[in-house]
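Peer 1: One structure is given below, represented as structure tokens, and several questions about it will come after.
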Amino acid sequence: MIWVRGELVADDALKISVIDRVFEHGIGLFETFRTWNRHATLLPRHLERLRRSAHELGLPLDPTSLPDEAAVAALLDADGRDGDAMLRITMSGGMAEKGSCIVWMRSFALPPATSPEGWKVDTGFWDVSMTNPLARHKSLNYWERRVASELAHVRGSDESLSQSPEGTPMEGTLWEGSRTNLFVGIGDRLLTPAVGDQEPILPGIMRGLVLERADLLSIRAIQVPVTGDILGRVTEAFLTNSVRGIIPVRRIGPEPLPECPGPLATRLWDDILPWLESGGEASEEPTS
């Protein structure tokens with residue numbers, strides 16, 4: 002089933018004009034999230050990012066066309082999903098007139114659980130431009146990221162990290178994964194690339210939550226580019242993703258990391274998971 006305009010319809014009932022810009026130029030946005038103990042805990046944050054991107058990119062979004070938690074529950078019931086599930090909200094680029102973007106939502110089974118051994122992460126073949134205006138938006142123009150992910154799997158890895166190309170001032174600096182944000186630990190310090198107009202990374206929802214909870218846990222978090230010098234001193238690393246949460250990393254490139262999962266990743270996830278499963282209603286005091 003598909004949720005669209007407040008209604009549940011069959012998969013083949015959704016109609017989009019052939020002159021919608023999603024077909025003409027691949028223009029549109031999407032958000033992928035999941036339920037935690039049947040709570041769509043992060044849905045408000047995903048909707049806020051969608052609204053912000055639509056505004057910044059000039060897409061004619063009608064805010065009343067967006068789903069709420071009741072819509073999520075109704076869709077999961079209609080699809081016969083008893084436990085937790087993954088959901089995707091897709092927004093077409095629309096046409097010139099206001100409010101012409103089409104927004105719909107579908108549910109999917111969750112992906113297999115992350116291996117306790119952690120992920121192998123590849124580098125060296127996905128160069129990014131510091132001036133790409135779409136890097137900071139969850140755009141339907143996603144082919145580059147998909148290719149990076151597929152190449153990583155072909156090479157026997159689980160994810161690919163973007164980097165600044167050779168011959169540029171920040172040559173070799175690591176930024177993010179094709180579907181994830183990057184965190185590294187050096188001792189008791191947590192480092193992650195900053196989000197802003199000059200950084201080619203997506204402001205991930207789970208990334209933001211990790212930084213919030215790190216502050217509550219008095220974990221020192223520094224937003225800084227992950228350069229080669231920093232990478233040589235890393236004691237642990239993890240990726241973040243709204244569906245998988247915190248993903249420990251056991252290898253970046255050819256070199257294994259000293260700890261996987263590391264103490265920072267373990268401490269953060271032990272705090273974040275109960276918060277997610279409570280629907281965000283658990284005490285704001287950290288659990289450890």
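Numbering-wise (the numbering used here), the sequence shown opens with residue 2 and increments by one.
Note that beta-carbon positions come from the ideal geometry of N, C-alpha and C, so glycine has one too.
1. By a C-beta neighbour count over all protein chains shown, 10 Å radius and 16 as the cutoff for buried, is His56 buried or exposed?
2. What are the start and end residues of each continuous alpha helix (DSSP H) run of 4 or more residues lying completely inside the region 118 to 162, in chain order?
3. Can you tell me where the beta strand (DSSP E) holding Pro249 begins and where it ends?
4. For a test of the three-state rule: what should DSSP assign to His26, helix, strand or coil?
5. If you draw a straight line from the alpha carbon of Pro134 to that of Ser243, how long is it in whole angstroms?
6. Considering only the beta carbon of each residue, do Arg35 and Leu88 sit closer than 8 angstroms?
7. Quick check: Leu265 and Ile220, are their CB atoms within less than 8 angstroms of each other?
8. When DSSP labels each residue in this structure, what does Ser66 get in the three-state scheme?
9. So, using beta-carbon positions, are Ile206 and Arg50 closer together than 8 angstroms?
10. Within the same chain, show all residues whose beta-carbon is closer than 6 angstroms to that of Glu177, passing over the 5 residues directly before and after it, in chain order.
11. Could you pull the DSSP bridge partners for Asn182 from this structure?
12. In the DSSP output, which residue or residues are listed as bridge partners for Glu256?
13. Under three-state DSSP, which class holds Leu192?
14. Find out if the Cβ-Cβ distance for the pair Val250, Trp120 is shorter than 8 angstroms.
15. In the DSSP output, which residue or residues are listed as bridge partners for Trp105?
Peer 2: With the structure as the only source:
1. Here residue 56 is taken as the residue at index 55 of the sequence shown, counted from 1. Flag for His56 reads exposed.
2. 144 to 155
3. Working through the sequence shown from its first residue, we reach residue 249 at position 248. 246 to 253 is the span of the beta strand (DSSP E), which, as asked, contains Pro249.
4. In the sequence shown, counting from the first residue as 1, residue 26 sits at position 25. His26: coil per DSSP, three-state reduction.
5. Indexing the sequence shown from 1 puts residue 134 at position 133. Indexing the sequence shown from 1 puts residue 243 at position 242. If I take the Cα positions, the gap works out to 22 angstroms.
6. Against the sequence shown, residue 35 aligns to sequence position 34. Against the sequence shown, residue 88 aligns to sequence position 87. A contact, by the Cβ cut-off of 8 angstroms.
7. Position 264 of the sequence shown holds residue 265. Position 219 of the sequence shown holds residue 220. Yes.
8. Translated into the one-based positions of the sequence shown, residue 66 becomes position 65. Looking at Ser66 - three-state DSSP - the assignment turns out to be helix.
9. In the sequence shown, residue 206 corresponds to position 205, counting from 1. In the sequence shown, residue 50 corresponds to position 49, counting from 1. It is a contact, given that the beta carbons lie within the stated cut-off.
10. Residue 177 sits at position 176 when you count from the first residue of the sequence shown. Result list for Glu177: Ser163, Leu183, Ile202, in chain order.
11. Along the sequence shown, read from residue 1 onward, the residue named residue 182 stands at position 181. Asn182 pairs with Glu177, Thr241.
12. For the purposes of this step, residue 256 is taken as the residue at position 255 of the sequence shown. Paired residues: Ile253.
13. Translated into positions along the sequence shown, residue 192 becomes position 191. Reduced to three states, the DSSP call for Leu192 is strand.
14. Position 249 of the sequence shown, counted from the first residue, corresponds to residue 250. Position 119 of the sequence shown, counted from the first residue, corresponds to residue 120. Contact flag set, yes.
15. Residue numbering aside, residue 105 sits at position 104 when the sequence shown is read from its first letter. In the DSSP output, where bridge partners are listed per residue, Trp105 has Val5, Thr91.
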